[in-house]
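Trainee: Going by full-length UniProt numbering, the first residue of the sequence shown is number 1, and it counts up by one from there.
Ideal Cβ positions, reconstructed from N, Cα and C, are used throughout, including at glycine.
Model, not experiment: these values are computed from the prediction.
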Amino acid sequence: MAKSGLEDILPLSPLQEGMLFHNLFDEEELDAYNVQVFIDLEGGTDPERLRRAGQALLERHANLRAAFRHEGLKRPVQLIPRRVVLPWGEEDLSGVAEPEREAAAERVAERDRWTRFDLSRPPLIRFTLVRLGPARHRLLLTLHHILADGWSMPILLRELMTLYTVHGDGTALPRVRPYRDYLGWLGGRDRDAARQAWTEAFAGLDAPSIVAPGRGALTAAPERIDFSEDEAASAALTRFARSNGLTVNTVIQGCWGLVLSHLTGRDDVVFGVTVSGRPPELPGIDTMVGLFMNTLPLRVRLRPAETLTGFLRRLQGEQARLIDHQWVGLAEIQRWAGSGELFDTAMVFENYPLNSSRGRPPGAAPDADLPTVLGVRSKDQMHYPLGLLALPRETLRFSLGYLPQVFDPARVEAVIAAFRRALRTVLDAPDTRVGAVALLDPEVRGTVLEKWSGSDDVRPAERFTDLFEEQVARTPGKTALIAPDGRLTYAELDAAANRLARRLVELGVGPERHVAVAVGRRTELVVGMLAVLKAGGAYVPVDPEYPPDRIRHMIQDADPALVLTTSDVDDRIGEECCGPLTFVMDDPNTGTSLGRHSGTALTDADRAAPLLPGHPAYVIYTSGTTGRPKGVVVEHRALSAFVRHCRSSQAPDISGLSVMQASASFDQSVGSLHAPLISGGCVRLTDLRALAETAGSEPGFHRATFMKGTPSHLALLATMPPEVAPSGTLTLGGEELRGEILAPWREAAGDVTVVNVYGPTEATGHCLEHWIAPDRTVEPGPVPIGTPHEGVRVYVLDSALRPVAPGLDGEVYLAGVQLARGYLGRGGLTAERFTADPFGAPGSRMYRTGDVAHWNEAGELVFAGRADRQVKLRGYRIELGEIEAAVAGGPGVRQAAVVLREDRPGDQRLVAYVVPDPGHWDEAAARARLALSLPDFMMPSAFVALDALPLSPNGKLDRAALPAPTYTGRTAGRAPRTPAEEILCDLYAEVLSLPGVTVDDDFFDLGGHSLLATRLVSRVRTTLGAELSIRQFFEAPTPAALAVVLAGAGRARVSPRPSTRRAPSAPRSPRGRAPSASRSPTPSSACGSSTCSKGRAPPTTSRRCSG
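(1) To which residues of the same chain is residue 702 closer than 8 Å at the C-beta, ignoring the five residues directly before and after it?
(2) What ranges does the beta strand (DSSP E) occupy inside the segment 487-535, keeping only unbroken runs of at least 3 residues that lie completely in it?
(3) Look up residue 916 in the DSSP assignment and say whether it is helix, strand or coil.
(4) In the DSSP assignment, the beta strand (DSSP E) including residue 622 goes from what residue to what residue?
(5) Hey, how far is the Cα of residue 513 from the Cα of residue 300?
(6) Measuring straight from C-alpha to C-alpha, what distance separates residue 255 and residue 445?
(7) If you count every other CB in all the chains shown that lies within 10 Å of the CB of residue 589, and 16 or more means buried, which is it?
(8) Quick check: what's the CA-CA separation for residue 1044 versus residue 167?
(9) Would residue 667 be called buried (16 or more neighbouring beta carbons within 10 Å of its own) or exposed?
(10) Tell me, which residues are paired with residue 896 by DSSP?
(11) Would you tell me roughly how many angstroms separate the C-alpha atoms of residue 13 and residue 340, rounded to the nearest one?
(12) What's the C-alpha gap between residue 794 and residue 453?
(13) Residue 920 to residue 926, Cα distance in whole Å?
(14) Assign residue 413 to one of three DSSP states: helix, strand, or coil.
(15) Give me the Cα-Cα distance between residue 773 and residue 388, rounded to the nearest whole angstrom.
(16) Does the beta carbon of residue 139 sit closer than 8 Å to a beta carbon anywhere in chain B?
(17) Does the segment 813-831 come close enough to the segment 631-640 to have 3 or more Cβ pairs within less than 8 Å?
(18) So, with DSSP's three-state summary, where would you put residue 249?
(19) Could you pull out every unbroken alpha helix (DSSP H) segment of at least 4 residues lying fully inside the segment 391-478, listed in chain order?
(20) Tell me the DSSP bridge mates of residue 646?
(21) Throw me the rounded Cβ distance for the residue 852 and residue 784 pair, which I believe falls under 8 Å.
(22) Residue 787 and residue 768 look like a contact to me (Cβ under 8 Å); what is the Cβ gap, rounded to whole Å?
(23) Under the three-state reduction of DSSP, which class applies to residue 336: helix, strand or coil?
(24) In this structure, does DSSP put residue 151 in helix, strand or coil?
(25) Determine the extent of the alpha helix (DSSP H) in which residue 585 is found, giving its start and end residues.
(26) What residue from 71, 141, 184 and 116 has the CA that sits closest to residue 89's CA?
(27) What does a CB cutoff of less than 6 Å around residue 399 pick up in its chain, not counting 5 residues either side in sequence?
(28) Would residue 1108 be called buried (16 or more neighbouring beta carbons within 10 Å of its own) or exposed?
(29) From the DSSP output, in three-state form, read off residue 545 for me.
(30) Buried or exposed, going by whether 16 or more other CB atoms sit within 10 Å of the CB of residue 39?
(31) Who are the near neighbours of residue 1113 in its chain, counting only those whose CB is closer than 6 Å to its CB and skipping five residues on each side?
(32) Please state whether the Cβ-Cβ distance between residue 714 and residue 439 is less than 8 Å.
(33) Start and end of the beta strand (DSSP E) containing residue 682?
(34) Starting from residue 983, trace the alpha helix (DSSP H) in both directions and tell me its first and last residue.
(35) Looking at C-beta atoms only, is the number of pairs between the segment 512-526 and the segment 537-544 that lie closer than 8 Å three or more?
(36) Distance, Cα to Cα, residue 854 vs residue 864?
Here it is, written out as structure tokens:
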């Protein structure tokens, strides 16, 4: 563009900057900012006269002639040429058969709509006149949204028809107030006040509201579904709003906030809204043409106890405090909020003034040559996965836009139904509490609450001791227990437990009394546990290998009547007992004493008090949020229900040989010990390494038929002889199981059935199961945790305790017969976690697990994470399990764990620990592979290769035992090695205003964002003369990586030509890696845009009892 032909140079508004970035980011992507207006005309239409009217429109409004440039500039500008020629086209479809003519016209419009504009080549507007018949025409006006907003369109159309009337004479219209006046107004705003207001508005927000994570590039034309409310509902909405001092817009925004909360499972949500952006202090602002509107984040905090009316009033008040600061760009607000992408849904309230006249323009004199305007309609599209457009007319109309690559029509219809239920509740029952608003479809609600949630246990409650003694009677001579110190038949085990139980009764043990059992893998462990149960007490398993401090806490907290030990651990345990008796089971004097007691079963007459199903059976300690373990009290009825289920569901394998390799202090031991002992099975006490040695040395070694373990055990099993793994059923639980972790083991395991189980200690053993037959293929990703046992109910609820729809994450609540009594001595915590069951019988309870899951289409639960497994790093909330899965999915990786470490104060880093196959670990290759799937903020800063991941005594990963990494290379960074790298480092430092940059520094880690990225790309193009796209830069954000890209790049283009694209019939695959959330542009609607920023206590004297 020659300087002599240049009329003005203007800055960009915040929204224009965002749209320019989107256009530059991927020049092959569909441009959702092309807006199209259809004007149907009847009568005499003079094409040349209409073209002159359009040309006059460009001459009248300087900003419609704008070109947008950024190359070599610190900030982009819009250049206004003195004159441009209006692109004009004509299509004659009058010869097309009538039934096919409209479809042909739509194809012409579609082709024109998806032809990209080159924003550096004005004008960004074009006209196409389609002849449909002798006296019928359709004018297509297509422009890029960067020029004008929706408010401007009626103004443009009125002026166009007036200019047609006067044969293109621009003097017939009043003088235009230039767009530069608005841009000048923007430059005078108080940025400090705006920063404070927006920072306060988003203080405490801990997560963005994302409904479609990892959506990728726009690969298919957005679609929409239109719906409306009838006149009565529309009138009722207006009355409700007026009577409560609300705007209709606020009511609709509040309803959309309720829906978004429903979709995300959060009660603090954010979505995009548009504002007109026209400052009333500028005279004539309402008749100006240009892009004034702005897309802003709207935060909606839901309080379940608040009424809908109160919620909406508060929402409107919160927005009112931000009115003076609505001029700020979204990218800047996101940086001030300390976040990247805040939202990916939008709600647009289209309330700009419309010209309701049809036919000749207002004030036009009668003219037979003027065509009649039959109708005006427009086509634009949401750039968001979901975007609600509200059109307030005589009846309230809506349009829900969506990306078909993310949502199918059925899912979108469900969202619409939820919105209409929210709106109807507001109108019909505005005093309803927010937490009581039912958005779930009644039929779906019935499915998740009645069909999938499980059932009540109709069987009478039982005592575990009765179940065991019945089995003893059935198989007295069968081997029940194999331990390193010997074997016992059912009869021998029962008799030994009965003798000890009688002695425990003499020592004061009975119902509601605890006895600690601190014994290793010996026959005395099982004898002691059974003896406590038979005496009527509750056993407290204490692993002798636990740290002394933990042992001391458990014994003090449980306050046992005595502690059962054996001689090999008695001295150590005795130091920690803090008072209770220690009873040494293998002491010779103990054997003599017990020999005087009968080996027959006890009755209630033998006990201190009758033993009831509601009495405690055991207390198992689990980790607590305070750092101190808490005791979970499980009653006989819960234990009995669980083992009965195992006996029936896992037959016949559980009646064979089982391996109890978990610590007795881990609730996995309940299923691997007690369930086989009421099923006629034999239990081997061992750990996996000892079992591997036994398999090779024991004559006549028998392979187990049943084993319980955790997913972490799979890698260990894979290194051992095949005889170590069970031949029948392997039950896995305690951690998330993923298909890519299970598949390699199954390939070598043969005909083994795998059961993925779920259930916290508070629900006795496990309570959901997903069975995987040997011939069934397991897909990558989370393996479902299945369906509930009989007598167990499971709910997936939102923060207001409402059921969530299938596919949506919610918190898991458990109810039914397997629930524990609660936490020992912690009434407050018990009341907090064990609450009233709103869906069960009066008086029933449910347990809040803190786990997150969703229902799949088959009615099974899929584990989605744990709230406390999420971490926050650089403003982003990260699910560590997602990174672990990506790392573990690589070649040569047997196991992986990821933690967020802070080895230096304030320096938080993600560290990946891997157990590689010997000789197969390549960190550089792993980094390159992960870069294809993980955003940079989820990329581990260091990798640590280990021979094995440390496990806690219960078989879970011991994260505290993971070693600190040694950081090399990236901490200091390398100096430039080539001239290109040296230039790039200088350019990085210049754009980021830093004293220096190394070749390994990531642009975005240094504080870069999308707008600065645009500037840097421009500087690279200008300085090095190389072709570089914004997408390429996002994929190679370090100087070293970028130098490699540039080495294979061509020379920089002078200016790209516009490309013509039709809406594809099938999605195309995005090229390369999708940009990360820390740096990617936020999709936007045709009504708005955004960019992203991117000691040990002294020992105490214990008392010892030997019999």
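Mentor: Looking at the atomic coordinates:
(1) 657
(2) 514-518
(3) strand
(4) 616-622
(5) 51 Å
(6) 20 Å
(7) exposed
(8) 58 Å
(9) buried
(10) 914
(11) 21 Å
(12) 5 Å
(13) 11 Å
(14) helix
(15) 45 Å
(16) Here there is only one protein chain, and chain B is not present.
(17) yes
(18) helix
(19) 409-428, 442-446 and 464-474
(20) Paired residue(s): none; residue 646 is not in a bridge.
(21) Going by Cβ atoms, the distance from residue 852 to residue 784 rounds to 14 Å, so no, they are not a contact pair.
(22) 6 Å
(23) helix
(24) coil
(25) First-last for residue 585: undefined, no H or E at that position.
(26) 141
(27) 224, 226 and 389
(28) No answer is possible for residue 1108: the residues shown for the chain start at 1 and end at 1107.
(29) coil
(30) buried
(31) Any question about residue 1113 goes unanswered here, given that the chain covers just 1 to 1107.
(32) no
(33) 682-685
(34) 979-992
(35) yes
(36) 7 Å
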